[in-house]
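Be aware that the sequence shown starts at 1, since it is given in the UniProt record's numbering, and climbs by one per residue. Glycine is no exception: its CB is placed at the ideal position from the N, C-alpha and C atoms. Have a look at the structure below, then the notes.
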Amino acid sequence: MADPFDAALDLLRRLPPSSTSENLSGIIALRPDLEEDLLSSVDVALTTKRCPKSGRDYLCCDYNRDGSSYRSPWSNEFDPAINAEDAQDLVPVGRVRRMEEALNAAVDVYRELYYEGGVSSGYLWALEEGFAGVVLFKKSSAANGAGKGGWDSIHVLEVAESATKRSAHYKLTSTVILDLGLKSSSVDSLELAGNLTRQTQQDLPLGGLRDADVEAGHVANIGRMVEDMETRMRNLLQEVYFGKAKDVVGDLRSIQPLSEAEKDRAAHRDVLSKMNR
């Protein structure tokens with residue numbers, strides 16, 4: 001008999017990517033014992049909540065979740081509130097919290113410049129050696145009911161500092177979830193959805209001797225890596241995936257009228273006949 005967890009993952013891979021969230025909820029309803037493993041293993045479109053203390057929106061994922069509560073990066077508090085003893089282990093403090101605050105300020109500027117809207121969030125937590133975190137972006141749009149578009153990017157990182165804290169090793173795993181849909185009289189309905197994951201590792205220097213300089217260096221390094229990865233993945237989606245989809249659609253149905261297509265074929269036959277004389 002197949003392992004239930006493996007079977008669930010295999011089923012999700014075979015179902016439409018645009019319905020992953022709904023299908024995941026259905027599987028969890030059938031097998032509640034798989035909830036934690038599935039939520040930590042399956043990438044789904046991000047959801048948004050509003051911080052009751054700051055009034056700002058933030059993104060929810062498995063990395064800022066405890067049960068049904070989510071931690072806001074703006075207030076550093078869970079909503080709904082959780083047990084105080086549990087919160088001590090789940091809420092970052094000290095240098096990690098300072099870097100988290102600086103990271104959120106930086107990605108908020110990046111989001112406004114590159115996305116011109118949407119929501120961003122960054123979360124960090126301490127490890128035995130170094131720290132880890134996630135940077136999230138979400139942008140959704142609708143074209144007057146004729147179409148939809150959704151971009152969710154999830155950047156998970158691990159950071160290991162050198163003994164001298166003059167450099168650090170960064171490991172970044174990025175996933176982009178894309179969901180596009182169009183409805184019109186010319187194409188009826190068209191949907192393009194899926195996700196792309198890439199990974200990179202770099203050793204980068206940390207400038208300065210003070211703790212504040214080291215913390216600022218980490219935020220700058222993380223920001224540059226996320227920016228470079230997003231640019232790479234966007235170009236890959238545009239050049240490879242959209243280009244391939246365009247070729248497939250073009251092979252299935254020509255956008256030229258039949259009369260124009262027949263003229264092209266006739267001209268092609270005429271050229272071939274003259275070459276064979």
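query	result
Looking at the secondary structure, which residues open and close the alpha helix (DSSP H) in which F131 lies?	Premise fails: F131 lies in the beta strand (DSSP E), 131 to 142, not in any alpha helix (DSSP H).
Looking at the strands, I want to know which residues DSSP matches up with residue 288.	Outside the displayed span of the chain (1 to 277) sits residue 288, for which this structure offers no information.
Out of E191, L12, V91, D66, which has the shortest C-alpha to C-alpha gap to K148?	E191
Tell me the rounded alpha-carbon separation between L59 and N104.	12 Å
Do the CB positions of P17 and A142 come within less than 7 Å of each other?	no
Give me whichever residues DSSP pairs with G181 in a beta bridge.	K148, E191
Who are the Cβ neighbours of K139 in its own chain at under 7 Å, not counting the five residues just before and after it?	Y115, G117, G118, W151
Helix, strand or coil for V96? Go by DSSP, reduced to three states.	helix
Assign E239 to one of two classes, buried (16 or more other C-beta atoms within 10 Å of its C-beta) or exposed (fewer than that).	exposed
Could you name the residues of the same chain whose beta carbon sits closer than 6 Å to that of V226, not counting the 5 residues immediately before and after it, in chain order?	V135, H155
Are the segment 213 to 221 and the segment 173 to 185 touching, with three or more C-beta to C-beta distances below 8 Å?	no
Tell me, please, whether the CB atom of R14 is closer than 7 Å to any CB atom in chain B?	Of the protein chains in this structure there is only one, and it is not chain B.
What does E49 pair with, by DSSP beta-bridge criteria?	According to the sequence shown, residue 49 is Lys rather than Glu. Per DSSP, Y58.
Between the beta-carbon of L157 and the beta-carbon of G133, is there less than 7 Å?	yes
Cutting at 6 Å between CB atoms, please list the residues of its own chain near T197, excluding the five before and the five after it.	T175
Let me make sure I understand the geometry here. Which of F5, R224, V271, L46 has the alpha-carbon closest to that of L34?	F5
In this structure, does DSSP put V119 in helix, strand or coil?	strand
Return helix, strand or coil for D79, following the three-state DSSP convention.	strand
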